[in-house]
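Below: one structure, written as structure tokens.
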Amino acid sequence: MKSRVLVVDDNPELRELINLRLEMAGFATAEAEDGVAALEVLRQRPDCQIILSDIKMPRMTGPELLQAVRSQGGEQLFILFSGDLPRAQLNQMAKLGVFEILEKGHGEAILESVRSAQAFLERKV
Amino acid sequence: MNSVQNIEGSQIQAFTKAALDLGLDAQLLIEVEQRLALELERLGQNSRLRGLLAQQQQDQLHWNNSLRVAFWSLVLAHEAVWVSDLWKTALVQAAFLRDIAHEVGDDHPGKAVAMLDALGFDNEPVKQIIWQHHERMDGQGYPSHIQGRWIYPPARIAFMADALANGVDLNQSSALYDPELLKRWQTMVHGP
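Protein chains in written order, with our numbering: chain B, 1 to 125; chain D, 1 to 192.
Below you can see the structure in the form of structure tokens.
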């Protein structure tokens, strides 16, 4: 079953653009304006197994969302935008399990990463 | 084709022969050869990396090892649908850039990444592969002892490719590798 993709970004236009692109590619989506709202969506939508998140957002940032999800035992695949984070913080996030770290604004790369994440969820051992 | 490309061509043919001897599918290997040639061409065109790579090429033994790791990375990635095109390119680049700091200690991945950061190289997937290419599924890898399930997926390929490039028998240390990749490898060698 295809995962729903949760798009977390405080920029509503960008969020809409990413959602539209994902929906055109056949993905169901959900959205949240920051980490706090994302945690609420995750409580209501357990089918969100892929999270596409911005880094800098009010109330709760992308790295804080990742930390919160992992501390609650969540194993969702995170695709994060690198922003201008220092190396130490990027590596700290990576230790918590990041599926991909992308430069913001690369539409095709976003879609490719989401497709890759979906295939990763479906792989069998 | 210049002399370096000739050497690379003969090296790649040698890897292909070794892989055929192991029982890998000829068609798969042809496709891997083609992809590797394409990626090497792309690497050669990257003006930001040209100086670094020229320096790496001075040490032919080392360069051949990078080529071998790149080859095995693409073999392992070949039929894994979760390996994006972006990751295939990143795996090849990482194979050639992971030792640019010329360090051998446990911190050599970190030093290579720091060097790439300092040079303004902004491909984070390549840097994450380099940083995590010695992390193991049992959590006992380095430099960060990342738990297996959190290791960056293409870095799992790089780790396994490194073992194959160095002739390690994967079955003797199966707990170190991603189980799906290991199963994929066993199927490639022994059939389904």
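Beta carbons: idealized from backbone N, C-alpha and C, even for Gly.
- Minimum Cα-Cα distance from residue 49/D among the listed residues 160/D, 33/D, 94/D corresponds to 94/D.
- The shortest C-alpha to C-alpha distance from residue 85/B to any of 61/B, 25/B, 77/B is the one to 61/B.
- Going by C-alpha positions, residue 3/B is about 36 Å away from residue 68/D.
- Closer than 8 Å to the CB of residue 150/D there is at least one CB belonging to chain B.
- Contact between the region 93-113 of chain B and the region 57-74 of chain D is absent: fewer than 3 CB-CB pairs across the two stretches fall below 8 Å.
- Taking the Cα of residue 85/D as reference, the smallest distance to any Cα among 9/B, 112/B, 118/B is reached at 112/B.
- In this structure residue 88/B is exposed. Its beta-carbon is surrounded by fewer than 16 other beta-carbon atoms within 10 angstroms.
- Listed in chain order, the positions of the region 81-112 of chain B with a beta carbon within less than 8 Å of a beta carbon of chain D are 82, 87, 90, 91, 94, 95, 96, 97, 98, 99, 100, 101, 102, 103, 109, 112.
- Excluding residues up to 5 positions away in sequence, 93 lie with their Cβ nearer than 6 Å to the Cβ of residue 63/B in the same chain.
- Distance from the CA of residue 78/B to the CA of residue 80/D, rounded to the nearest whole angstrom, comes to 20 Å.
- Distances from the alpha-carbon of residue 77/D to those of 66/D, 64/D, 91/D put 91/D closest.
- For the region 101-120 of chain D, the set of residues with a beta-carbon nearer than 9 Å to any beta-carbon of chain B comprises 110, 113, 114, 117, in chain order.
- Chain D places no beta carbon closer than 8 Å to that of residue 78/B, leaving this residue out of the contacts.
- Legend: CB atoms of the region 75-95 of chain D lying less than 9 Å from CB atoms of chain B belong to residues 80, 81, 82, 83, 84, 85, 86, 87.
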